[in-house]
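Scroll down for the structure; my scribbles are underneath it.
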Amino acid sequence: LTFVAAALSVSTYVQPVAASLGMATRYWDCCMPSGAWHGKASVYKPVDVCEADGVTLIPSDKANQGKSGCDGGDQFACTCMQPFNDMKDETLGYGFSAFAAAGQQESDNECSCYEAHFNSKDADGKPLAVNKLIFQVINSGSDVHTDNFDFAIPGGGLGSFEQGCPNQWHNSVTSWGQQMGGVTSAQECKNIPESLQSGCSWRFKYWGNNPTLAKELKRVRCTKGLIDRSGCQRKDDAQQPVYSGITDAKGQPAPDQYKRDRSVC
């Protein structure tokens, strides 16, 4: 992933976008998200950034003047941004991703949310307990194949930024598994920090290995639970269609200028 501040360029109207069918890859590099920089998109507030404990929020203005932990700084991804499940629909999950929609600029896409439906089994033939996702884009996805999105899962692989997680948690690169793909078993999740182990285990219990999309991605209004965790809401979010499935309270669409509930994590 590439985290380079860019000038804001937002049109007054953005055409609906559907990505070609692809797959969901995974990563967790602990870097300050691309969407945390000011001016990336027309949002009420950029994506949250945390201190090395993964919990203490860094004020947005301070974060914008700082440096990512992947570049030798002290600003990191928050542990709050791990996958989580819906309490009413056991086949629906939520989380965050790096994604570059075909034909769009980062300013069109940062902090937007998408509905994803997957085929019943992953690339290894394992059935998916969770086969639907609503995810929010927090990274530009400049190094992600256009047809795919890179889902943020602890232990999912450090990718191009191998030193971010060791810098944050003061452990070895090898604790995080393979550079591309991460840990290979639920047992190996015990090698990463305790606060991230539930998200790591989520992949093995509910998810799978690079599942393929059964339908085109569809942009939808962001849910309360996602904005509670990221702090970011686009100013055009209320114009988007609402997810039509059954959800619990955190899966309900967030109203415009939603006042997030940070207590969720």
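Mapping of the sequence shown onto mature numbering (1 follows the signal peptide of the UniProt record, and there is no 0): residues -19 to -1, 1 to 246, in sequence order. Yeah, the Cβ is synthetic: ideal placement off N, Cα and C, and Gly gets one too. Model, not experiment: these values are computed from the prediction.
Take residue i and list the residues in its own chain whose beta-carbon comes closer than 6 Å to its own, dropping the five residues that flank it on each side.
i: Phe185; result: Ala167
i: Asn172; result: Ser156
i: Asn148; result: Gly50
i: Asn112; result: Thr72, Phe99
i: Thr193; result: Met4, Asn100
i: Ala195; result: His98, Phe99, Asn100
i: Gly53; result: none
i: Pro174; result: Trp150
i: Cys246; result: Cys61
i: Glu96; result: Ile115, Lys199, Val201, Tyr224
i: Lys231; result: Lys205, Gly206
i: Gly47; result: Gly54, Gln56
i: Asp218; result: Arg202, Cys203
Contact defined as beta carbons within less than 8 Å: I believe residue i pairs with residue j. What is the distance between those atoms, to the nearest angstrom?
i: Asp10; j: Cys146; result: 7 Å
i: Phe80; j: Asn66; result: Rounded, the Cβ-Cβ distance is 20 Å, inconsistent with contact.
i: Tyr25; j: Gln238; result: 6 Å
i: Pro135; j: Leu177; result: 4 Å
i: Gly206; j: Arg7; result: That pair is no contact at about 20 Å.
i: Gly158; j: Gly138; result: 7 Å
i: Asn129; j: Gly16; result: At roughly 18 Å, the Cβ-Cβ gap does not stay under 8 Å, so Asn129 and Gly16 are not in contact.
i: Asp34; j: Ser78; result: That pair is no contact at about 24 Å.
From this set, the options, which residue's C-alpha is nearest residue i's C-alpha?
i: Ser156; options: Gln149, Glu169, Gln221, Glu71; result: Glu169
i: Ile115; options: Tyr25, Asp70, Ser88, Ser41; result: Asp70
i: Gln85; options: Trp18, Ala133, Ala22; result: Ala22
i: Ser88; options: Gln214, Phe132, Ile134, Gln233; result: Gln214
i: Gly212; options: Ser93, His98, Asp105, Ala33; result: Ser93
i: Lys240; options: Ile227, Ile208, Thr193, Asn148; result: Ile208
i: Ala5; options: Asp42, Lys107, His98; result: His98
i: Arg243; options: Gly106, Val28, Gly16, Gly3; result: Val28
i: Gln117; options: Pro108, Ala82, His151; result: Ala82
i: Cys59; options: Asn152, Ala104, Gly76; result: Gly76
i: Ile227; options: Ala33, Thr165, Met68, Cys61; result: Met68
i: Pro64; options: Gly189, Lys107, Pro108; result: Gly189
i: Ala133; options: Trp183, Ala219, Asn152; result: Trp183
So, for residue i: in the same chain, excluding its five sequence neighbours on each side, which residues have a beta-carbon less than 7 Å away from its beta-carbon?
i: Gln221; result: Arg200, Val201, Arg202
i: Ser49; result: Phe(-17), Cys12, Met13, Gln56
i: Ser(-9); result: Legend: pLDDT at Ser(-9) = 34, less than 50; position of this residue unreliable, no value from coordinates given.
i: Glu143; result: Val154, Gln160
i: His19; result: Pro27, Asn45
i: Tyr187; result: Asn66, Gly74, Ala110, Val111
i: Asp229; result: Asp67, Met68, Lys69
i: Ser41; result: Lys26, Pro27
i: Arg210; result: Cys61, Met62, Val245, Cys246
i: Ser179; result: Gln63
Going by DSSP in three states, residue i sits in which element: helix, strand or coil?
i: Asn155; result: The sequence given here places Thr at residue 155; Asn does not occur at that position. If DSSP states are grouped into helix, strand and coil, Thr155 belongs with the helices.
i: Phe185; result: helix
i: Gln117; result: strand
i: Cys146; result: helix
i: Arg202; result: coil
i: Tyr170; result: Residue identity differs from the one stated: residue 170 is Cys in this sequence, not Tyr. In the structure shown, Cys170 sits in a helix (DSSP, three-state: H, G or I).
i: Thr(-18); result: Below a pLDDT of 50, predicted positions are generally treated as unreliable, and Thr(-18), at 40, falls in that range; no measurement from the model is reported.
i: Ser176; result: helix
i: Thr(-8); result: Here the model assigns Thr(-8) a pLDDT of 33, short of 50, so the residue's position is not dependable, and the following value carries that caveat. Here Thr(-8) sits in coil by DSSP.
i: Ser93; result: coil
i: Ser78; result: strand
i: Val245; result: helix
i: Gly16; result: helix
Can you list, in chain order, the residues of its chain whose CB lies under 8 Å from that of residue i, leaving out five sequence neighbours each side?
i: Ser(-11); result: Confidence at Ser(-11) is low in this model, with a pLDDT of 33, below 50, so its placement is unreliable and no value can be given for it.
i: Thr37; result: Cys31
i: Asn191; result: Met4, Ala5, Thr6, Arg7, Asp103, Ala104
Hey, is residue i's beta-carbon within less than 8 Å of any beta-carbon in chain C?
i: Asn120; result: In the displayed structure, chain C is absent; only one protein chain is listed.
- Could you name each continuous alpha helix (DSSP H) segment of 4 residues or more that falls completely within the stretch 30 to 72, going from the start of the chain to the end? For the stretch 30 to 72, whole alpha helix (DSSP H) runs of length 4 or above, ordered along the chain, are 41 to 46.
- Ranges of the alpha helix (DSSP H) found wholly within the stretch 190 to 235, counting only runs of at least 4: 205 to 211
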